[in-house]
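Visitor: Residues in the sequence shown are numbered from 39 upward in steps of one, following this note's numbering. Here a beta-carbon is modelled for each residue, glycine too, at the ideal position from N, C-alpha and C. Structure below; questions to follow.
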Amino acid sequence: MHACKKADINFGEALLDNTHTYVVKTDSVTVDVATVYIDSFITNNKATGLTGVYTDPYFGVVKAKSFIEIAPPAFADTFQLTTFDSLELVLFLNKTWYGDTTKPVALSVYRLAQNLAYAEGSYMYNTTGFATYNDPLAATDVLLRPIQADSISIRLSDELGKEWLSMLQQADEYVKAPSTFRNYFKGLCIKAGGTDGVVFGFKDSIAVRLHFSKKDIYPVSRYVQFDINNREYQFNNISTDRQGTAISTISSANNELSSGATNNTGYMQYITGTLVKLRFPYLRNLLQLNGFTALSAAELRIKPVAGSFNAVYPLPPTLRLSTTDGTNTFQSDITTSVSGTEEVQTGSLTIDELYGINTYYSYDVTAYINYLLGLSENNRNGLLIAPVSDDVATSFSRLLVQDNQAQSYRTELILYYLSVQ
Numbered sequence: 039m040h041a042c043k044k045a046d047i048n049f050g051e052a053l054l055d056n057t058h059t060y061v062v063k064t065d066s067v068t069v070d071v072a073t074v075y076i077d078s079f080i081t082n083n084k085a086t087g088l089t090g091v092y093t094d095p096y097f098g099v100v101k102a103k104s105f106i107e108i109a110p111p112a113f114a115d116t117f118q119l120t121t122f123d124s125l126e127l128v129l130f131l132n133k134t135w136y137g138d139t140t141k142p143v144a145l146s147v148y149r150l151a152q153n154l155a156y157a158e159g160s161y162m163y164n165t166t167g168f169a170t171y172n173d174p175l176a177a178t179d180v181l182l183r184p185i186q187a188d189s190i191s192i193r194l195s196d197e198l199g200k201e202w203l204s205m206l207q208q209a210d211e212y213v214k215a216p217s218t219f220r221n222y223f224k225g226l227c228i229k230a231g232g233t234d235g236v237v238f239g240f241k242d243s244i245a246v247r248l249h250f251s252k253k254d255i256y257p258v259s260r261y262v263q264f265d266i267n268n269r270e271y272q273f274n275n276i277s278t279d280r281q282g283t284a285i286s287t288i289s290s291a292n293n294e295l296s297s298g299a300t301n302n303t304g305y306m307q308y309i310t311g312t313l314v315k316l317r318f319p320y321l322r323n324l325l326q327l328n329g330f331t332a333l334s335a336a337e338l339r340i341k342p343v344a345g346s347f348n349a350v351y352p353l354p355p356t357l358r359l360s361t362t363d364g365t366n367t368f369q370s371d372i373t374t375s376v377s378g379t380e381e382v383q384t385g386s387l388t389i390d391e392l393y394g395i396n397t398y399y400s401y402d403v404t405a406y407i408n409y410l411l412g413l414s415e416n417n418r419n420g421l422l423i424a425p426v427s428d429d430v431a432t433s434f435s436r437l438l439v440q441d442n443q444a445q446s447y448r449t450e451l452i453l454y455y456l457s458v459q
């Protein structure tokens, strides 16, 4: 136990029988690290579409595809004397991406063969999927420019565009209302091929624009826009092929991997189905120390593994800690009092820009550690490291942390306690 005397405090006879109390620091508490599996999570109605593919050296091949229902414009009988020009899908970028933007993304757009419908209740999940027709409406390579560009345009099938214009010209019942249109055209699936590139986000305010020319003295170019319908049905399917990684065996049947089986490392990327769980199995040994009186403070420092993050794979700017038990389900987030209000702690990330060796997230876990010290029964209680709630279904940021076996960058529980000598 590494300890140092911080202060010599005399509390007086009434409190401590005229003895002296020292504040002792220790950072040698065992921290067990494990990777736990998330079976599924809700991805619909998040106002964000995700599509793309990339290969992560630690998490495997990650793919995202988005499902969207669209609706026709308000009907107006203004399409006589028109000729078809083109049909395009416009994705409005939300300036989020993960992976290497210097590599092109092989995007494909497919027509759905099934109507979108909730998997259960009013939810769709990362594992939800719907059938598509075999032939794509578009297949093209796109070089993402997320900072410079606001949108991506993908030209869709001319055959489909001509069909839609013909239906508008003939005032077909299918194009007069969203409810009838969805029976004819059930929606779009936007996905990527290949194995290495980038996953990017776009707003759910997509646009399918039918461009045409209107006969006049001179032909006039115009377009009519089909927008998203039923925003609550828009969702993202996320899949991961972990073959060849240290966590390749994790699954619903094998849902917790000790760090001893994964290179003394825990792996967190919520959107691909993994969290890190921290436990303190020998914490109550503190109560047996000679002179131990009370815990004064507890700080948890989580240090990302060196070399596991960079410009392509940045660290999550914020992370929360949630209490859990043997079920590995979320319970209560660790909070702190700010002006009398309890707020979720998000790690106060410190980045060592100079040497890169002292980057860490820090949490005040005094109340939680005192709670654990008060338990007498055996338990599997611990803390889950996860993105903040708003990011769980849309962020690909990930974190690698090491256990006590690591010489550097190990996760530390730093305790300050009162000891009577």
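Taking C-alpha atoms, which residue in Cys227, Asp115, Ile244 lies nearest to Leu145?
Guide: Comparing Cα-Cα distances from Leu145 to each of Cys227, Asp115, Ile244, the minimum goes to Cys227.
Visitor: Exposed or buried, what is Asp55 when buried is set at 16 or more other beta-carbons lying within 10 Å of its beta-carbon?
Guide: Low confidence applies to Asp55: its pLDDT is 48, below 50, so where it sits in the model is not reliable, and the reading given next is rough at best. So Asp55 ends up on the exposed side.
Visitor: Spatial neighbours of Tyr398 within its chain, please: CB distance less than 7 Å, with the 5 preceding and 5 following residues excluded, ordered by chain position.
Guide: Arg339, Ile340, Lys341, Thr388
Visitor: Flag this pair as yes or no: are the beta carbons of Phe97 and Arg280 separated by less than 8 Å?
Guide: yes
Visitor: Beta-carbon separation of Val237 and Tyr351 under 8 Å?
Guide: Not in contact: Val237 and Tyr351 (Cβ atoms no closer than 8 Å).
Visitor: Under 6 Å Cβ to Cβ from Thr443, same chain only, skipping five residues before and after it: list those, please.
Guide: Note that residue 443 corresponds to Gln in the displayed sequence, not to Thr. Here the set comprises Asn302.
Visitor: By Cβ distance, which residues of its chain are closer than 7 Å to Val180, with the 5 residues on each side in sequence left out?
Guide: Pro142, Val143, Leu145, Ile190
Visitor: Residues bridged to Thr178 by DSSP?
Guide: Residue pairing by DSSP places Thr178 opposite Leu145 in a beta bridge.
Visitor: Do Gly90 and Ala230 have their CB atoms nearer than 8 Å?
Guide: yes
Visitor: Go through its chain and collect everything with a Cβ distance to His249's Cβ below 6 Å, but skip five positions before and after it.
Guide: Asp123, Ser124, Tyr261
Visitor: Enumerate in chain order the residues of its own chain whose CB-to-CB distance from Ile407 is below 8 Å, with the five nearest sequence positions on each side excluded.
Guide: Phe318, Leu321, Leu333, Ala336, Leu451, Leu453
Visitor: If you drop the 5 nearest sequence neighbours on each side, which residues of the same chain put their C-beta closer than 6 Å to that of Thr287?
Guide: none
Visitor: To which residues of the same chain is Ile76 closer than 8 Å at the C-beta, ignoring the five residues directly before and after it?
Guide: Tyr308, Gly311, Thr312, Leu313
Visitor: Measuring CB to CB, does Met162 end up less than 8 Å from Thr81?
Guide: yes
Visitor: Per DSSP, what kind of secondary structure is Leu194 in: helix, strand or coil?
Guide: Correct three-state label for Leu194: coil.
Visitor: Could you tell me whether the stretch 183-200 touches the stretch 98-114, where touching means 3 or more Cβ pairs closer than 8 Å?
Guide: no
Visitor: Determine the DSSP secondary structure at Phe223, reduced to helix, strand or coil.
Guide: coil
Visitor: Rounded to the nearest angstrom, what separates Gly225 and Lys241 at their Cα positions?
Guide: 16 Å
Visitor: Can you look up Asn323 in the DSSP assignment and give me helix, strand or coil?
Guide: helix
Visitor: Are there 16 or more other CB atoms within 10 angstroms of the CB of Pro95, so buried, or fewer, so exposed?
Guide: Exposed: under 16 other Cβ atoms inside 10 Å.
Visitor: Measure the C-alpha to C-alpha separation of Ser375 and Gln369 and round it to an integer number of angstroms.
Guide: Approximately 19 Å between the Cα atoms of the pair.
Visitor: Tell me whether the stretch 148-165 and the stretch 208-219 touch, counting them as touching only if at least three CB pairs, one residue from each stretch, are closer than 8 Å.
Guide: Too few Cβ pairs lie closer than 8 Å, so no.
Visitor: Beta-carbon within less than 8 Å of Gln440's beta-carbon, same chain only, minus the 5 sequence neighbours each way: which residues are those?
Guide: Correct list, in chain order: Val71, Ser297, Asn302, Thr303, Gly304, Lys341, Val343, Tyr447, Arg448, Thr449.
Visitor: Can you tell me whether Arg418 is buried or exposed, with buried defined as 16 or more other CB within 10 angstroms of its CB?
Guide: exposed
Visitor: What residues match up with Thr362 in a beta bridge as DSSP calls it?
Guide: Gly420
Visitor: When DSSP builds the beta bridges, which residues end up paired with Glu126?
Guide: Arg193, Arg247
Visitor: For Gln326, count neighbouring C-beta atoms within 10 Å of its own C-beta (all shown protein chains included) and say buried if the count is 16 or more, exposed if not.
Guide: exposed
Visitor: Pull up the distance between the alpha-carbon of Gln152 and that of Ala169, whole angstroms please.
Guide: 6 Å
Visitor: Rounded to the nearest angstrom, how far is the Cβ of Thr384 from that of Thr356, given a contact under 8 Å?
Guide: 4 Å
Visitor: Look up Leu316 in the DSSP assignment and say whether it is helix, strand or coil.
Guide: Looking at Leu316 - three-state DSSP - the assignment turns out to be strand.
Visitor: Are there 16 or more other CB atoms within 10 angstroms of the CB of Val258, so buried, or fewer, so exposed?
Guide: exposed
Visitor: Taking Thr73 as part of the alpha helix (DSSP H), name the residues at either end of that continuous run.
Guide: Thr73 -> not in any alpha helix (DSSP H); beta strand (DSSP E) instead, spanning 70-75.
Visitor: Within its chain, find whatever has a CB closer than 7 Å to the CB of Gly199; leave out the 5 residues flanking it on each side and keep chain order.
Guide: Phe122, Ser124, Leu125, Leu248
Visitor: Just the C-alpha distance for Asp363 and Ser290, rounded to the nearest angstrom, thanks.
Guide: 17 Å
Visitor: What residue ranges within the stretch 338-401 form continuous beta strand (DSSP E) runs of no fewer than 3 residues, ordered along the chain?
Guide: Runs found: 358-362, 373-376, 379-382.
Visitor: Using the C-alpha atoms, what's the distance from Ile285 back to Leu359?
Guide: 22 Å
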